[in-house]
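Protein chains: 2
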Amino acid sequence: MTNSARYHHGDLRATLLHEANELLSEQGVEGLSLRKLAERVGVSRTAPYHHFKDKNALLCALAAQAFSELDALIGRQLQDGGSRLRVQEFVREYLRFATENPEQYELMFGRTLWKIGEPSEELKAVAHRSFRHYAERLAGLLEGRLPEGTDPRRIAQASWATVHGLCRLLIDGIYINRDDMEEVSEQSVALFMAALAK
Amino acid sequence: MTNSARYHHGDLRATLLHEANELLSEQGVEGLSLRKLAERVGVSRTAPYHHFKDKNALLCALAAQAFSELDALIGRQLQDGGSRLRVQEFVREYLRFATENPEQYELMFGRTLWKIGEPSEELKAVAHRSFRHYAERLAGLLEGRLPEGTDPRRIAQASWATVHGLCRLLIDGIYINRDDMEEVSEQSVALFMAALAK
DNA sequence: GTCGTTATCTGGACAGTGTCAAGATAGGGG
DNA sequence: CCCCTATCTTGACACTGTCCAGATAACGAC
């Protein structure tokens, strides 16, 4: 019995996730339909429903996966050490992550899951964890440099918003293009660190 | 012949735009279907196609309209005067605009038009104009305060990205909620201005 | 006023979507 | 060995955007 013709796939859930991610990269969330996905995997249209409650559930799983990668990136890049260059390098990597996986990034932070669909508990958890992780690492890096009375949490939110905004504008091609990216991000970080070093 | 029963509507284009904006506010881009819109206006499903080439075209018109409002806001808020408070107040108003019209804001900057669909020439023009307008006003406000060698255009891009990122995170309910908003935005502006005043 | 011309509007049709319900299949534990 | 149940399939429904051919009426030329 060949691999492709057996009735029970055997590893459908993982295959679906993998192929869905592929399809996502190629065509974006809008081009990712369950029917196309099923056909691609070689299975009937409703088969995925035995592994994911919903299209929403599948997308949440996909986004959660991506958040894990981002979380790993945070852990990798935001270690102790000279803070200015660290932050600069982190932002560069963050932007690289976002621009190399624009559709995944869109899914992670876009309204598809957070506004229209319900973000799954798993997704909310891993997203929140990433942010907390970032906040902690950043606080460690900036320890002692923060002006008195400055809430590190606010700094984390404000800086994340900046980097996130850069990504969004860049990915969707509004106001910032790939050529500007490097300079703009450097400028942003420079401003940020200058304010703190004051 | 009553107003609602005549064959030729007479002012369909404007009515469509108005009602579409209403529908957009209520149900978001995803809930805005041409068929629902047509029914709501009391006209057949394909009637809108005589006034807009596409669904995309209608959405572009809607977004362009919203950009005009944003442009007006920029002109209104970013006048000469004490720069720190001016900027603070501008950001507050920008955030208000975005949070009071979240679906419009999403349409203006979202991938629906900029990635999936084609942004119309009109939309690109008005969006670009808004940014240029912002950049000019900001440069005027910060005149003489910028560290040497700083490109005002980069400052405009970086600061817009920050505010934009705040809006996105806030609207979609990620990492920043309504209670934090005020503080985070103040913090952001404070950092920004502190860096420039250095 | 009458008569095209043309803008506007209509209903039918098609391909595509997510998802529910009912039935088919087979793997795995008693 | 046999049944239970996880897994998979087909059929169906409502909804979407949009093309096409035909109906309607407003408007300008004569």
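Note that the protein sequences, when read in sequence, are chains X and R. The opening residue of the first sequence carries number 1 in this note's numbering; numbering runs sequentially from there. The opening residue of the second sequence carries number 199 in this note's numbering; numbering runs sequentially from there. Here a beta-carbon is modelled for each residue, glycine too, at the ideal position from N, C-alpha and C. Fair warning: this is a prediction, and the values are worked out from it, not measured in the lab.
As for any alpha helix (DSSP H) of minimum length 4 sitting wholly inside the region 208-257 of chain R, the runs are 210-229, 232-239, ordered along the chain. Two segments are said to touch when three or more pairs of C-beta atoms, one from each, lie closer than 8 Å; by this definition the region 89-107 of chain X touches the region 167-181 of chain X. Per the coordinates, the alpha-carbon of residue 112 of chain X lies some 12 Å from the alpha-carbon of residue 28 of chain X. Those residues of the region 363-377 of chain R placed with their C-beta closer than 7 Å to a C-beta in chain X are 363, 364, 366, 367, 370, 371, 372, 373, 374, ordered along the chain.
Counting only Cβ-Cβ distances below 9 Å, residue 106 of chain X has contacts in chain R at 309, 313, in chain order. Secondary structure at residue 303 of chain R: helix, using DSSP grouped into helix, strand and coil. Ranked by how close their Cα comes to the Cα of residue 50 of chain X, the residues X:196, X:187, X:16, X:74 have X:16 in first place. In the same chain as residue 184 of chain X, and ignoring 5 residues on each side of it, the C-beta atoms closer than 7 Å to its own belong to 166, 176, in chain order. Rounded to the nearest whole angstrom, the CA to CA distance from residue 338 of chain R to residue 194 of chain X is 22 Å. At a cut-off of 8 Å between beta carbons, residue 382 of chain R contacts chain X.
Shown here, residue 330 of chain R sits in a helix according to DSSP, grouped into three states.
Residue-level contact check: residue 272 of chain R does not touch chain X, since none of the beta carbons of chain X fall below 8 Å from its beta carbon. Under the three-state reduction of DSSP, residue 145 of chain X is assigned to coil, being neither helix nor strand. For residue 131 of chain X, the nearest beta carbon of chain R is closer than 8 Å to its own beta carbon. In the three-state reduction of the DSSP assignment, residue 314 of chain R falls in the helix class, which pools H, G and I. Counting C-beta pairs with one atom in each stretch, the region 207-222 of chain R and the region 235-252 of chain R have three or more that are closer than 8 Å, which means they touch. Residue 147 of chain X sits exposed, since fewer than 16 C-beta atoms from the chains shown fall within 10 Å of its C-beta.
Contacts with chain R at 8 Å (Cβ-Cβ) include residue 30 of chain X. Within chain X, no residue has its CB atom less than 8 Å from the CB of residue 213 of chain R, the nearest being about 27 Å off.
In its chain, beyond the 5 residues on either side, 215, 219 have a beta carbon closer than 8 Å to the beta carbon of residue 263 of chain R.
Under the Cβ criterion (8 Å, minimum of three pairs), the region 118-136 of chain X does not count as touching the region 329-338 of chain R.
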